[in-house]
Amino acid sequence: MGNKYLRFEELEVWQDAMKLCKKIYFVLKDCKDYGLKDQMQRASVSIPSNIAEGYERKGSKETVQFLYIAKGSCGELRTQLYIATDLGYIEQQNCKQLIEETINLSIKIYRYIQSIQ
Numbered sequence: 000m001g002n003k004y005l006r007f008e009e010l011e012v013w014q015d016a017m018k019l020c021k022k023i024y025f026v027l028k029d030c031k032d033y034g035l036k037d038q039m040q041r042a043s044v045s046i047p048s049n050i051a052e053g054y055e056r057k058g059s060k061e062t063v064q065f066l067y068i069a070k071g072s073c074g075e076l077r078t079q080l081y082i083a084t085d086l087g088y089i090e091q092q093n094c095k096q097l098i099e100e101t102i103n104l105s106i107k108i109y110r111y112i113q114s115i116q
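Each residue of the sequence shown is one higher than the last, beginning at 0 in numbering that gives the first Met the number 0.
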């Protein structure tokens, strides 16, 4: 694939996804709505996991497929953040910041996809 990085851990987009995932776990640590909490944690874990899995694939077509899955999980998480805030599980200010991070991460993933295609 001719990637300048040797490991997915070196990708800024993966590092940002990991930071977001940790923030989601932290902000939900006391949430008693285990269904929504689990869904949000799964979506947040899916983002860096699919970036890593795509990176480890041999062909750019496969890589792009996994990156689109990661981007989709970003949108899923953003929707769940709105729900969690509307239900009072996350403070408005925290949610606003996390939503901004999902938007920025989604943009970075898309730019990464464009750089591969």
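Glycine included, each C-beta is placed from N, C-alpha and C at the ideal position.
None of these values were measured; they are calculated from a predicted model.
- When the Cα of Thr101 is compared with those of Val63, Glu52, Ser45, which residue comes out closest? Ser45
- Cutoff 7 angstroms; reference Met17; Cβ partners in own chain excluding five residues on either side: Pro47
- Could you pull the start and end residues of the alpha helix (DSSP H) that Leu66 belongs to? 59 to 85
- Message: Let me make sure I understand the geometry here. Which of Leu104, Glu55, Lys22 has the alpha-carbon closest to that of Asn93?
- Response: Lys22
- Nearest to Ala69 by CA position, among Asp85, Trp13, Lys95, Glu99, is which residue? Trp13
- Item | At least 3 beta-carbon pairs within less than 8 angstroms: the stretch 103 to 116 vs the stretch 65 to 80 | yes
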